[in-house]
Amino acid sequence: MKASTSKKINGAAGTVIMTVVLIVILFPVLWALPSMFKDRSEIFELPLHWLPHQWTLENFRTVFDMPDYNYLLSVGSTTLVAVISVFLSLLVNMMAAYAFARIEFPGRAFFWVYMLSTMFIPGITILLTSVRVVSFLGMLDTIWVLIIPGVASGYNIFFFRQYYLGVPGYMEEAAMIDGLSRAGIFFRIFTRISTAPMVIIGMSVFMSYYNSFLWPVMTITDNTALYQIMQLIRTLNSRYTGRYGVVLAATMMSLIVPFALYCFFQKYIVQGISIAGVK
Amino acid sequence: MRTDGQVRRSFHEKLFGKNKFKYRYAFTGYAMIAPAFLLLTIFVVIPLVIAIVRSFFDYRSYAEVQQFVGFDNYKLILGTTSFVRSFRNALLFAAVIVLVQLLLSFSFAHVLKNCHNRYGIFVRMIIYIPYLISGIAAAIIFLFMTNYGGGLINGILLAAGLDPIAIDMNVTWARVAVIVPTLWLGFGYNSLVMYAGLINIPKDYYEAATLDGAGWLIKLAKITLPSMVNYFLLTIVGLLTSSLTMFELPFLMTNGGPTESTLTPVLYLFNNYRNVLQSSSVTIAGAILVMLIVGALNAVVFFAVQSKSSQDD
Amino acid sequence: MKNWKKIGALLTALVCTAGTAAACGGNDDGPEEGATVVTVWLRDFEDWSNEVMTSIMDDFNKDKTDMLHISYRFISEDGFGDALAAAQDNGTAPDIYQVSYTNLYSEVRGNTILALDDLLPASSFEDLKDTAKELVVYDGHYYAYPQLTEPGAVMYYRKDLLEQAGVDYSDIEEWSFEDLYAACEKLKTVMPQNQGKYPMLGFDFDEAGWATQGLQANLTGGDVCLSEDWTEIIVDSDAYKQLAKFYAELYGNGYVPVTWSTGYNDQIIDLCDGKVAIAYTGSWAIAEIMESYGADMAENIGAATIPTLNGGADKGTTATNGGWALVIDAKSKNPEAAAKIIEYLAAGEDTSAPERYFEAAHYSKTIPRKSIQEKVDAKDTSSACPSEWLDTVGKIADSAIPESIYTFDINTQVIGLMQNIVIDVLDGMGWEASWNARIDGVISEIQKIIENNGLAGNNPRLQ
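Chains as they are written, first to last, in my numbering: chain A, 1 to 279; chain B, 1001 to 1313; chain C, 2001 to 2463.
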């Protein structure tokens, strides 16, 4: 009796706490949302009001009609860069992870440590010299400079290898008896059985590309079609300081792509965190 | 006539000798790691080597001869007040963020664990959302709330007849304005990680402890915490790394101000890569110091966790 | 298997789109066969500025007989320095780029740019006004050609709001600090804080390092932060205490908002929007008023010299001449061709291109060349902007000093001191107590900067 009452109270308290947390989490975005439709004179007008007195689409018009930047193109090219990178990254890192998990070759320990240790190098340390390298390769202001340098990742290789080490060996033995080559096993079997980690890593790669700021700032200086969305928002923020509604409109619209993606893969991701442990 | 396969096999034998069976797929192995190996070499290792070499020279792009200066650049950067101050700020941020975030997410994970209904699932889905938002976008949203003239917070303060808060003219509030969005961005994610750790602990541990008459404190100390050491370690290291390399939020929220009280190492480096009077080598030396601190920290925890989990297996 | 094919098809489609996206970023309509291509990197400024520069350069490229072609880029300030550094490292630097007068000396010291004496005709340099000339000469050589100069400190005010508050602005040109405080005190009634309004916007701390240099020179009688030969630090002086007091008065009495989201360069927006009645900003604000608000608003706005400690009719220096100049990269493969482009854009006998630029700027930029000035003076420019503004700005520019060229960190230190004093004042401390507590630390920091950069005795403007 007593236990169940306390459980109920616990449950009620839990619901209250969760509701508070929910509000705190959603509040900043919800507070800012209607202000996209506020005129410049109204946006910081006191006394506070959440909904605009006078709804206007002017901010969106400004965002879409910038003479030198194309907002939609930026969202498009950022998404494109992120999508290509997700595929390349999964391919490259999963292949390497499979080799490290399943294939014996001379020097494996060396290569393993070599590739793993790259994950302890902060981006800022090699920022300037990386720009030198990509500039030497003639990649500046091309789509490749955004994609290629971040494709291989020591951490992601490590992550997939851990996962593959847990896959029982009999699956491969059966496949080999069927005459599949090692590469065949990887492509036909291992890519199939790792949907969950693929979604998790894929999503995290997507987010890191979609939200990247420092790297595009350094490498995309002229090609406005490739202006990454965060870079564009930052530019808008310094250009339209007096018209914050414009900045908000651009920012809020940029969230649509990751939110949509999250809705689509949401089940995998929230479960995935428990599979993955920690990413 | 020997078949292709035979040729390959005999070549293999020459190459690997007695290990020929063990290494029979070696070429596939090399081929499979080759792309990652090349990419990491070109875009991580080579830039790092260049950076290390440069940090020992007084590098000027248009000079005829680059002058070797030993550790002078390191001495210079360590004697730069702003850089040292940026590290102190970062340590403060890291301490606050790690403590507060850990406490909040660990506590909230318990709330989540005790809620199995649909509402719990819904909450778990929603709290992840800020994790999708970049530092830049978060800064825009929080700048909107903290605007001096008519943002939400100052609107409320003014309506209550209080003085408004200027986040970039008050050291404490400036730091709060950097820390709060950071906590907001990571809270949901970290709670979910902690939640994952909690539900992975077998229930019978707790049941046995209850039979032994253990209270919640003993359960926490004897069961929950030990079972979650890895989760804690990795979360701590993740939070530490991200706070020590914080950039976007201080860059947009306060631009390091007022008077460098929210300047972080990365922001300092970003602002000084092309400090025209000074060779970029000095800044690069600073960047390498960042790596020595952040990278080493990560490496130590990473290998600690690895060796622990291999003991567990 | 089907999945992989689908993904493959998707990827191919994406890559193709990527190629298209990457391709449409360019801005060239293609150089003529065998033409020398000169690359020019400009800063990404206001829309009107980018537009007029684009059209000026496109017009140049339309001429297919000159065997010259400009390939230009507008690069945002965030990435400019790094892009340039990387390009110079790789030998892919642009032939011509834009340098601010503050940074020009660093470029000279770094040997990254060419002296222009032999590349441009002597007449180009003779045509420069003295105030422009001194900005680009080092060791007796011309290292850059001034594109424009702009005084960085002008006081704009809203006539209607001052009238509402009962402030007499007929003698505003002669205002002292005290007059300004008195005006702000009156303005407080019509600009209540609880409606998000303030009497004025002063020198924003982020930009004050250069924006206040004119006022600093006014207070010290000429030098800024260091003695003329860069051997002594003159910050621990009455002049700088007066600057601290000025800041303390403005902030301590609530004449200015404690912080403001529009930076110094855009403070005019809040003036036009009626959020403040007085705003300090540079001459460039004229273009912003005319472009974004038009003539009706312009009638309502006055421009004046900023108030000084003692005020009076002849205030002397109150502003710095900032602005931008064009330089040729030291490793340019075609310095002669690059010089031709600089002639077209700024330095040549045919002044049509720079004239177009100044017109588009509503004459908010000070013209560095005598001949262009004469032509503009002969024109009726009243439709571009109120002529009294131009008179005021011209007067300010004539007495303005060049921006400092020693390591900028010194200015940052001094303004950091001012900001700390303001923070202390807001915390209830007296400004003098705060000054006394902080000044020694600042002096020793500046001393360190002088030593690390070998500045003492090395002011090139004295040599």
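Cβ atoms here follow ideal geometry from the backbone N, Cα and C, with glycine treated the same way.
Measure the C-alpha to C-alpha separation of residue i and residue j and round it to an integer number of angstroms.
i	j	result
Ser2176 (chain C)	Phe2246 (chain C)	11 Å
Phe158 (chain A)	Ser1061 (chain B)	38 Å
Asp2058 (chain C)	Ile2328 (chain C)	20 Å
Ala2022 (chain C)	Ser1134 (chain B)	Only weak support exists for where Ala2022 (chain C) lies, its pLDDT of 45 falling under 50; the coordinates are left without a value.
Ala2211 (chain C)	Ala250 (chain A)	31 Å
Thr221 (chain A)	Tyr1268 (chain B)	21 Å
Trp2051 (chain C)	Thr1235 (chain B)	Sequence check: residue 2051 (chain C) is Glu here, not Trp. Cα-Cα distance, rounded: 50 Å.
Cys1115 (chain B)	Ile269 (chain A)	19 Å
Val2425 (chain C)	Thr1172 (chain B)	15 Å
Pro34 (chain A)	His53 (chain A)	11 Å
Glu2117 (chain C)	Leu261 (chain A)	It should be pointed out that residue 2117 (chain C) corresponds to Asp in this sequence rather than to Glu. Whole-angstrom Cα-Cα distance: 60 Å.
Pro1130 (chain B)	Leu1185 (chain B)	5 Å
Met139 (chain A)	Ala97 (chain A)	28 Å
Asn2061 (chain C)	Val86 (chain A)	41 Å
Thr62 (chain A)	Ser41 (chain A)	15 Å
Closer than 7 Å by C-beta to residue i: which residues in its own chain qualify, once you throw out the five before and the five after it? Chain order, please.
i	result
Thr1262 (chain B)	Asn1089, Ala1174, Arg1175, Val1178, Pro1250, Thr1254, Gly1256
Met2464 (chain C)	Here chain C comprises residues numbered 2001 to 2463, so residue 2464 (chain C) is not present and cannot be evaluated.
Glu2134 (chain C)	Pro2402
Gly2034 (chain C)	Met2067
For a quick check, are the C-beta atoms of residue i and residue j less than 8 Å apart?
i	j	result
Ala2325 (chain C)	Val2393 (chain C)	no
Cys2225 (chain C)	Met2290 (chain C)	no
Phe111 (chain A)	Ile1033 (chain B)	yes
Tyr1148 (chain B)	Val2258 (chain C)	yes
Leu1076 (chain B)	Asn2452 (chain C)	yes
Ser208 (chain A)	Ile233 (chain A)	no
Ile2113 (chain C)	Tyr2072 (chain C)	no
Asp1058 (chain B)	Ser1242 (chain B)	no
Lys2340 (chain C)	Leu2068 (chain C)	yes
Tyr1119 (chain B)	Thr15 (chain A)	yes
Pro28 (chain A)	Ile1141 (chain B)	yes
Thr2189 (chain C)	Ala2165 (chain C)	yes
Ile147 (chain A)	Val81 (chain A)	yes
Ala2208 (chain C)	Met2418 (chain C)	yes
Val2167 (chain C)	Leu2187 (chain C)	yes
Leu90 (chain A)	Gly202 (chain A)	yes
Glu2077 (chain C)	Asp2044 (chain C)	yes
To the nearest whole angstrom, what separates the beta carbons of residue i and residue j, a pair I think is in contact under 8 Å?
i	j	result
Val21 (chain A)	Phe1108 (chain B)	6 Å
Phe44 (chain A)	Met94 (chain A)	Actually they do not touch by this definition, with Cβ atoms about 49 Å apart.
Val131 (chain A)	Thr235 (chain A)	Between Thr235 (chain A) and Val131 (chain A) the Cβ distance is about 19 Å, and since that is not below 8 Å, they are no contact.
Val1237 (chain B)	Val1301 (chain B)	4 Å
Around the C-beta of residue i, are 16 or more other C-beta atoms found within 10 angstroms, so that it is buried, or is it exposed?
i	result
Phe1087 (chain B)	buried
Gln2216 (chain C)	buried
Pro67 (chain A)	exposed
Cys2272 (chain C)	buried
Gly2457 (chain C)	exposed
Phe1068 (chain B)	exposed
Glu2150 (chain C)	buried
Ile256 (chain A)	exposed
Asp2380 (chain C)	exposed
Glu2178 (chain C)	exposed
Gly150 (chain A)	buried
Ala1036 (chain B)	buried
Spatial neighbours of residue i within its chain, please: C-beta separation below 8 Å, excluding the five flanking residues on both sides.
i	result
Asn2334 (chain C)	Thr2036, Val2038, Asp2095
Ala1196 (chain B)	Tyr1231
Met36 (chain A)	Asn59, Phe60, Gly245, Leu248, Ala249, Met252
Thr79 (chain A)	Tyr210, Val257
Leaving out the 5 sequence neighbours to the left and right, which residues in its chain are closer than 6 Å to residue i when beta-carbon positions are compared?
i	result
Leu165 (chain A)	Ala101
Tyr2157 (chain C)	Ile2278, Gly2302
Glu172 (chain A)	Ile185
Using a Cβ cut-off of 8 Å (strictly closer), state whether residue i contacts chain D.
i	result
Asp1168 (chain B)	Looking for chain D here will not work: the only protein chains present are A, B and C.
Mind checking whether the beta-carbon of residue i lies closer than 7 Å to any heavy atom of the ligand HEM?
i	result
Ser2387 (chain C)	Only the bare structure without any ligand can be found here, which leaves the ligand HEM out of the picture.
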